[in-house]
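See structure below.
Protein chains: 2
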Amino acid sequence: MITKKELKWVCDLQIKKKRQEEKAFVVEGKKSIEAFLAAGYQPKAIYGTTNSSAFSVETVNEPAMKRMSSLKNPSPFLAVFPIPASMALPTQERLLVVDQLTDPGNLGTIIRLCDWFGINHLLCSPQTVDCYNPKVVQATMGSLSRVKVHYADLVDFFQENSLPVFGTYLEGESIYSLDFPTAAVLVLGSEAHGISEELSPFMTNKITIPRKSSVGPESLNVATAAAICLGHFCR
Amino acid sequence: MITKKELKWVCDLQIKKKRQEEKAFVVEGKKSIEAFLAAGYQPKAIYGTTNSSAFSVETVNEPAMKRMSSLKNPSPFLAVFPIPASMALPTQERLLVVDQLTDPGNLGTIIRLCDWFGINHLLCSPQTVDCYNPKVVQATMGSLSRVKVHYADLVDFFQENSLPVFGTYLEGESIYSLDFPTAAVLVLGSEAHGISEELSPFMTNKITIPRKSSVGPESLNVATAAAICLGHFCR
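If you read the sequences in order, they're chains A and B. Position in the first sequence (from 1) plus 93 gives the number in the working numbering. Position in the second sequence (from 1) plus 93 gives the number in the working numbering.
The structure is reproduced here in structure tokens:
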């Protein structure tokens, strides 16, 4: 039987401040939990409304699961994992940087794309949505267990960085006329605001995805733009 | 003053059956409405909680707008446009086909991608979510005004079709080793079910987006896959 205190502890992890205090986050769904376990995460707790052959669970009833879950239709399994300690950013590989992404679904999709295309590290501006937000975790479908997500001031980062930097803009060199070095930085801004003005001096190349149609959308969604850029650069 | 009857007429258009009976659909937001007007759509009605310099509106109060709107935070403008009459599919250009896409956001993103990459016609299986569903319309950000969306039985279509057909699968030829002819069909299935088994004999090429990482996601979201394929094929 889960205690009231434990139930509150899990529910509180939906809030960023509490996650930071507890250094823990929630993962829902069998497949996602298995991905974190396979990646070496040591669970603080795994709750289940039923048993699993893949991992041992603390049994809870459905009302308790419903309270802990952030999903409309809760999965039978919910785990609490520790937030990994921050680590240094690599200096000799491909790195994706996102500036001020507020939509959890977009960040989740981008983490999944990094996982697909072998980008191991994602750097986010401090204003970007927390990668341990339940909606982001859900959208990554387990990829968050394999991609390291960092948060840091981007001006500070670029001042130290010596890799070439490709920033995506509405106007710039076509991505199709460029090769992406095996050690380089790709920067994506939000669809509404683009890359912050103060980061502009650090861009080695301002790049764009050419629009084929004469009339058409003014811009692309940031997750879509990430898919096209990574699909081209990491082929 | 909007009448009760008119209010009900607009509210009913959130339901597919009613949209089909009335041959009309709702577009919300100034920019999207302008896109449909620019594309030559003749509005059946435009409602506004305020006036616009871009088009004339029938003034409604905020409670009425809130009732008509499908958005949490309604825009000040909402228009009703006629569903265009169905037209023949082109036989000598690039065509995108989607099989059993149920998520409105994914269909909306794909319509926007078609618009960006100059794909003028999208063919959907009858089980695919209705493109005039309010969530789809919203996600297309006006692109639905420029892309023609068709619904038809896909077996019937492929039996008549003489263009090469590129079907996306989890395994197949790498998209990067192929060129996409200027007249060809690209087929995307749902992430969960892929392309229906019965369509398999019609595929000229079974293609895939190679995964770079050794471990990683099993599949990509269909809108992400569309972005990568179109970004490569329509460059």
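Beta carbons: idealized from backbone N, C-alpha and C, even for Gly. Remember, predicted model here, so these are calculated numbers, not experimental data.
Check: Bridge partner(s) assigned by DSSP for residue 243 of chain A; Outcome: A/216
Check: Any chain A beta carbon closer than 8 Å to residue 119 of chain B; Outcome: no
Check: Anticipated Cβ contact below 8 Å, residue 292 of chain B with residue 276 of chain B, distance rounded; Outcome: Incorrect: roughly 19 Å between the Cβ atoms, too far for contact.
Check: Those residues which DSSP pairs with residue 298 of chain B across a bridge; Outcome: B/259
Check: Length at least 3, wholly inside the region 191-236 of chain B: the beta strand (DSSP E) runs in chain order; Outcome: 214-217
Check: Residues bridged to residue 122 of chain B (per DSSP); Outcome: According to DSSP, which records beta bridges pairwise, residue 122 of chain B is partnered with nothing at all.
Check: Contacts around residue 144 of chain A, its chain only, beta-carbon distance under 7 Å, and the 5 residues preceding and following it disregarded; Outcome: 150
Check: Coil, strand or helix - residue 170 of chain B by DSSP; Outcome: strand
Check: Closer than 8 Å to chain B by CB, residue 305 of chain A; Outcome: yes
Check: Minimum Cβ-Cβ distance from residue 286 of chain A to chain B less than 8 Å; Outcome: no
Check: Rounded separation between residue 122 of chain A and residue 171 of chain A - CA only; Outcome: 6 Å
Check: Given residue 116 of chain B as reference, the closest of B/136, B/98, B/100 once Cα atoms are compared; Outcome: B/136
Check: Bounding residues of the alpha helix (DSSP H) (the contiguous stretch that carries residue 315 of chain A); Outcome: 315-326
Check: Residue 282 of chain B burial status per 10 Å Cβ neighbour count (16 or more: buried); Outcome: buried
Check: Under 7 Å from the C-beta of residue 206 of chain A: neighbouring residues of chain B; Outcome: 317
Check: Contact check, residue 98 of chain A vs residue 209 of chain B, beta carbons under 8 Å; Outcome: no
Check: Residue environment, residue 315 of chain B, which counts as buried when at least 16 other CB atoms sit within 10 Å; Outcome: buried
Check: Cα-Cα separation between residue 133 of chain A and residue 177 of chain A, rounded to whole angstroms; Outcome: 11 Å
Check: CB contact below 8 Å: residue 224 of chain A versus chain B; Outcome: no
Check: Chain-ordered neighbours of residue 141 of chain B on chain A, where CB pairs are closer than 8 Å; Outcome: None at all; the shortest Cβ gap to chain A is about 23 Å.
Check: Contact under 8 Å by Cβ, residue 251 of chain A with residue 258 of chain A; Outcome: yes
Check: Bridge partner(s) assigned by DSSP for residue 266 of chain A; Outcome: A/300
Check: contact_flag[the region 205-220 of chain A, the region 297-311 of chain A] where n(CB pairs < 8 Å) is 3 or more; Outcome: no
Check: Cβ-Cβ distance between residue 192 of chain A and residue 280 of chain A below 8 Å; Outcome: yes
Check: Contact list for residue 283 of chain B against chain A, beta-carbon separation under 9 Å; Outcome: Within 9 Å Cβ-Cβ: nothing; residue 283 of chain B doesn't reach chain A, min ~15 Å.
Check: Under 8 Å by beta carbon: chain B residues contacting residue 217 of chain A; Outcome: Correct list: empty, because the minimum Cβ distance to chain B is about 19 Å.
Check: Contact set for residue 200 of chain B: own chain, Cβ-Cβ below 6 Å, skip 5 residues either direction; Outcome: 194, 222, 229
Check: Alpha carbon of residue 104 of chain A to alpha carbon of residue 162 of chain A, nearest angstrom; Outcome: 8 Å
Check: Contact with chain A by residue 324 of chain B, beta-carbon distance below 8 Å; Outcome: yes
Check: DSSP-derived helix/strand/coil call for residue 128 of chain B; Outcome: helix
Check: Closer than 8 Å to chain B by CB, residue 308 of chain A; Outcome: yes
Check: Under 8 Å between C-beta atoms of residue 113 of chain A and residue 227 of chain A; Outcome: no
Check: CB of residue 324 of chain A within 8 Å of CB of residue 321 of chain B, strictly; Outcome: yes
Check: Residue 310 of chain B, DSSP secondary structure in three states; Outcome: coil
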